[in-house]
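Enquirer: Per our numbering, the very first residue in the sequence shown carries number 3; after that it's consecutive. My structure is below; once you've seen it, I'll send some questions.
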Amino acid sequence: MSGCDTLLAELGLNMERHGELVENLGRTYREKVLSQPDRPASMAYFDSAIHELHGDRIREIFEARAAGRKMIGTFCIYVPEEIVFAAGAIPVALCGGTAWSIPYAEQTFPREICPLVKSTLGLAFSDTCPFAPLEDLAVGETTCDAKKKTWDILGGDGFHVLHLPHKKTDAARRLWLREVRAFAGRVEHLTGVRITARSLGQAARLMNRKRRLLGRLAGFQRSAAPPISGTDALVVMQVALVDEPQRFCGAVARLLEELRRRVRQGVTVARPGAKRVLLAGCPAVAGNYKVHHVIESSGALVVANESCTGSRYFEHPVDARRRTRGGLLAAIADRYFRIDCSCFTPNDERVRSVVRMARRAKADAVVQYVLQYCHTYNMEAVRIAEALQRAGLPSLTIGTDYADQDTGQIRTRVEALIEGLRS
Ligand code: SF4
Ligand code: SF4
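Take a look at the structure:
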């Protein structure tokens with residue numbers, strides 16, 4: 003057993019199943035990410051971060067906890083990371099992106115829920131998630147029905163649910179601010195650390211830097227001759243949700259430097275005549291590269307990603323100039339309330355945002371990515387397709403799960419879209 007395996011066994015993981023999971027994740031990564039030609043050399047950091055999610059990163063968090071820090075598991079980008087960092091705690095996104103764990107969820111739970119939720123539940127119930135034994139608090143939110151009921155199953159004393167209202171009214175904004183303040187109180191209680199204006203300001207500036215760097219990466223992705231693929235940009239986003247932020251910012255800064263050099267040297271990952279696609283909709287968390295891979299191995303390029311593993315995560319900085327704790331909490335609440343998840347009604351901002359992003363990225367077409375049984379993105383796809391049609395932008399909606407069985411079918415539809423664009 004390696005040192006890490008010994009630690010994982012001590013944490014109570016089922017090592018046989020964990021071995022299967024890691025093998026499965028490794029194979030997917032090799033086939034869909036490492037197989038890409040002409041990758042930037044700086045992607046090595048992000049490949050290693052994904053590889054070490056169940057290795058060095060676990061050891062790092064284990065040691066941080068031994069030194070008195072707390073780990074907070076999250077499942078959604080509405081959880082304000084600034085508050086977690088301001089209390090010296092470590093946030094880690096725990097959403098499942100692998101089909102491997104889904105059968106473990108389906109033994110007990112309905113099949114008719116989205117694969118992201120099933121994969122997350124399956125990791126928890128197969129005793130293969132190394133973060134679960136390390137988390138001091140898990141934070142859920144009232145976004146979609148599947149998640150709300152998941153918190154009832156996973157819940158307990160070590161669980162906090164953020165009530166996210168679904169309308170962007172002033173009353174809803176006030177309710178959300180109360181939720182954000184209550185969350186800060188809960189984190190303070192957990193960590194025994196008072197969150198101050200100073201610590202919140204520092205955390206907000208750090209997260210703003212991280213978001214700014216990711217925004218610059220998106221700028222390269224949508225440039226006329228992109229020096230990075232959409233799949234690699236997705237990997238960077240996936241790492242953003244789990245990595246130590248200072249180190250992550252350094253790695254993104256080095257990647258950006260290399261991308262600048264590539265642009266100067268005329269190096270691009272776009273094949274001649276490649277069609278440009280905006281991918282919009284559900285997030286693709288670590289382990290899930292399915293639709294990105296199909297699009298990019300069909301000769302098109304994902305030049306922008308409107309999702310929680312894309313623009314929704316890095317748009318809108320926090321106004322870090324506020325000087326008081328209350329002012330900063332209000333600025334943080336405002337920033338997160340601007341996220342346009344499909345759980346909101348009405349959600350005109352998102353409809354407009356997809357059209358605007360497609361134009362800005364000079365996309366030839368939009369592919370809407372809807373995870374099976376995700377009703378809000380599925381329904382919203384209809385409005386967005388209509389808005390895109392009015393804007394003269396072709397689009398395709400793909401509803402799918404994490405399994406590979408329908409990959410051929412999806413490829414046929416994507417190729418038909420690309421063929422249509424060419425002719
Ligand atoms: S899609 Fe909505 S519920 Fe899912 S992570 Fe994003 S904001 Fe949260
Ligand atoms: S993909 Fe849709 S159904 Fe699944 S957790 Fe996110 S919002 Fe809920």
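Idealized CB from N, CA, C, for every residue including glycine.
1) Using a Cβ-Cβ cut-off of 7 Å (strictly less than) and excluding sequence neighbours within five positions of THR399, which residues of its own chain qualify?
2) Determine which residues share a DSSP beta bridge with ALA95 and list them.
3) Considering only DSSP beta bridges, list what HIS162 is partnered with.
4) Based on Cα-Cα distance, which residue from CYS251, THR193 and GLU181 lies nearest to ARG207?
5) Flag this pair as yes or no: are the beta carbons of SER201 and ALA66 separated by less than 7 Å?
6) Tell me the start and end of each unbroken alpha helix (DSSP H) in the stretch 52-76 that is at least 4 residues and wholly inside, in chain order.
7) Look up ALA205 in the DSSP assignment and say whether it is helix, strand or coil.
8) List the DSSP bridge partners of THR399.
9) Using three-state DSSP, classify GLY329 as helix, strand or coil.
10) Quick check on the DSSP output: the alpha helix (DSSP H) that includes ASP308 runs from which residue to which?
11) Consider the C-beta atom of CYS116 and the heavy atoms of ligand 1; say whether any pair is separated by less than 6 Å.
12) Helix, strand or coil: how does DSSP classify LEU15 here?
13) I need the boundaries of the beta strand (DSSP E) containing GLY283, first residue and last residue.
14) In or out: HIS56 buried (at least 16 other Cβ within 10 Å) or exposed?
15) Taking only three categories from DSSP, how would you classify ARG340?
16) Please go through the same chain and pick out, in chain order, the residues whose beta-carbon is closer than 7 Å to the beta-carbon of ALA272, but skip the five residues on each side of it.
17) Under 8 Å by Cβ, that's how I've got ALA333 and VAL320 pegged, so tell me the actual separation to the nearest angstrom.
18) Is ALA68 buried or exposed, if buried means 16 or more other CB atoms sit within 10 Å of its CB?
Expert: With the structure as the only source:
1) Within the sequence shown, the letter at position 397 stands for residue 399. Answer for THR399: GLN370, VAL372, ALA383 and ALA387, listed in chain order.
2) Here residue 95 is taken as the residue at index 93 of the sequence shown, counted from 1. In DSSP, ALA95 forms a bridge with THR76.
3) Within the sequence shown, numbered from 1, the residue matching residue 162 stands at position 160. Note: HIS162 sits in a beta bridge opposite VAL141.
4) Translated into the one-based positions of the sequence shown, residue 207 becomes position 205. Considering only alpha carbons, the answer is CYS251.
5) For the purposes of this step, residue 201 is taken as the residue at position 199 of the sequence shown. For the purposes of this step, residue 66 is taken as the residue at position 64 of the sequence shown. No, they are not a contact pair.
6) 58-68
7) Mapped onto the sequence shown, residue 205 falls at position 203. Correct three-state label for ALA205: helix.
8) Looking up residue 399 in the sequence shown gives position 397. Paired residues: GLN370.
9) In the sequence shown, residue 329 corresponds to position 327, counting from 1. GLY329 falls in the helix class under three-state DSSP.
10) In the sequence shown, residue 308 corresponds to position 306, counting from 1. Sequence check: residue 308 is Glu here, not Asp. Taken as a continuous stretch (DSSP letters only), GLU308 belongs to no alpha helix (DSSP H), being part of the beta strand (DSSP E) at 303-308.
11) Stepping through the sequence shown from its first residue, residue 116 is reached at position 114. Taken from the Cβ of CYS116, every heavy atom of ligand 1 lies 6 Å or farther away.
12) As a first step, residue 15 is located in the sequence shown; it is residue number 13 there, counting from the start. Of the three classes helix, strand and coil, the one that applies to LEU15 here is coil, per DSSP.
13) Counting from one through the sequence shown, the residue named residue 283 turns up at place 281. Where GLY283 is concerned, the enclosing beta strand (DSSP E) stretches over 278-283.
14) Translated into the one-based positions of the sequence shown, residue 56 becomes position 54. By the 10 Å Cβ count, HIS56 comes out buried.
15) Residue mapping note: residue 340 aligns to position 338 of the sequence shown, counting from 1. Reduced to three states, the DSSP call for ARG340 is coil.
16) Working through the sequence shown from its first residue, we reach residue 272 at position 270. Answer for ALA272: ALA227, PRO228 and LEU303, listed in chain order.
17) The residue you call residue 333 lines up with position 331 of the sequence shown. The residue you call residue 320 lines up with position 318 of the sequence shown. At roughly 5 Å, the Cβ-Cβ gap stays under 8 Å, so ALA333 and VAL320 are in contact.
18) For this step, residue 68 is matched to residue 66 along the sequence shown. ALA68 is exposed by the Cβ-count criterion.
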